[in-house]
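Structure first, then comments.
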Amino acid sequence: NAGVTQTPKFRVLKTGQSMTLLCAQDMNHEYMYWYRQDPGMGLRLIHYSVGEGTTAKGEVPDGYNVSRLKKQNFLLGLESAAPSQTSVYFCASTPGHGGFEQYFGPGTRLTVT
Amino acid sequence: GDSVTQMEGPVTLSEEAFLTINCTYTATGYPSLFWYVQYPGEGLQLLLKATKADDKGSNKGFEATYRKETTSFHLEKGSVQVSDSAVYFCALRSSSQGAQKLVFGQGTRLTINP
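Chains as they are written, first to last, in the working numbering: chain W, 772 to 884; chain H, 14 to 127.
What follows is the structure, encoded as structure tokens:
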């Protein structure tokens with residue numbers, strides 16, 4: 772049982788490049804989330820999903836897109852990276868339907884130059 | 014909207030000192046409250062939680078009591094260890110958020126010196 776995994780762990784992009792971050796969970800959780808963590812700002816919700824095939828915007832969605840084609844995977848895309856997207860990105864999942872503890876992945880450190 | 018405010022860090026203490034990290038919240042209704050911990054290089058882990066007023070959450074020697082009258086959920090530990098060095102996040106989950114979304118405070122970095 773690996774829990775929540777994220778790939779890659781580190782990435783450096785040039786401004787304007789695109790990339791996709793992958794989050795996978797093997798706990799059969801319904802809900803999945805993408806956060807970004809910046810110094811002094813805690814975690815801010817980018818997008819989330821309440822089930823396979825559904826996504827919704829969080830607090831800071833601009834510049835990001837997501838997809839949840841399979842229940843166990845939640846992808847975060849950056850179509851045209853900007854230096855303001857330099858951050859640490861965390862994925863989390865929760866069972867839903869009464870289970871409210873969020874389980875976090877180890878994070879992806881992204882630098883945009 | 015809902016929000017969480019934590020005491021600003023960083024906090025540096027000596028081993029065996031008493032720890033308090035303050036957390037206050039603003040929310041509609043009766044939120045559930047959480048403390049998460051992030052050890053260096055890792056994701057967040059749930060440390061403790063409380064779901065209603067006057068509940069006390071506890072784990073690994075840490076405690077926090079849900080105080081509705083002061084809208085607070087302060088984290089305490091009687092005797093800290095070097096291994097407690099981490100970043101601590103207070104968070105709430107409110108019915109107004111829907112979809113089990115959490116609202117996090119900004120985090121407090123704790124360093125314990127031997």
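The C-beta atom is built at its ideal place from N, Cα and C for all residues, glycine as well.
Owing to the predicted nature of the structure, the values given are computational and were not obtained by experimental measurement.
- Contact between valine 831/W and arginine 815/W holds, since their C-beta atoms are separated by about 5 Å, short of 8 Å.
- Exposure of histidine 868/W is indicated by the presence of fewer than 16 other C-beta atoms within 10 angstroms of its C-beta.
- By the Cβ-count criterion, threonine 121/H is buried, with 16 or more other Cβ atoms from all chains shown falling within 10 Å of its own Cβ.
- The beta carbon of glutamine 119/H sits closer than 7 Å to the beta carbons of Gln19 from its chain, once the five residues preceding and following it are set aside; these are given in chain order.
- Shown here, serine 858/W sits in a strand according to DSSP, grouped into three states.
- Interface residue (Cβ-Cβ distance to chain H less than 8 Å): glutamine 788/W is not classified as such.
- Cα atoms of threonine 791/W and alanine 852/W: separation of roughly 11 Å, rounded to the nearest angstrom.
- Looking only at Lys842/W, Leu881/W, Phe875/W, Thr865/W, the smallest Cα-Cα distance to glycine 848/W is reached by Leu881/W.
- The residue among Thr879/W, Arg782/W, Gln873/W, Gly787/W with its C-alpha nearest the C-alpha of methionine 798/W is Gln873/W.
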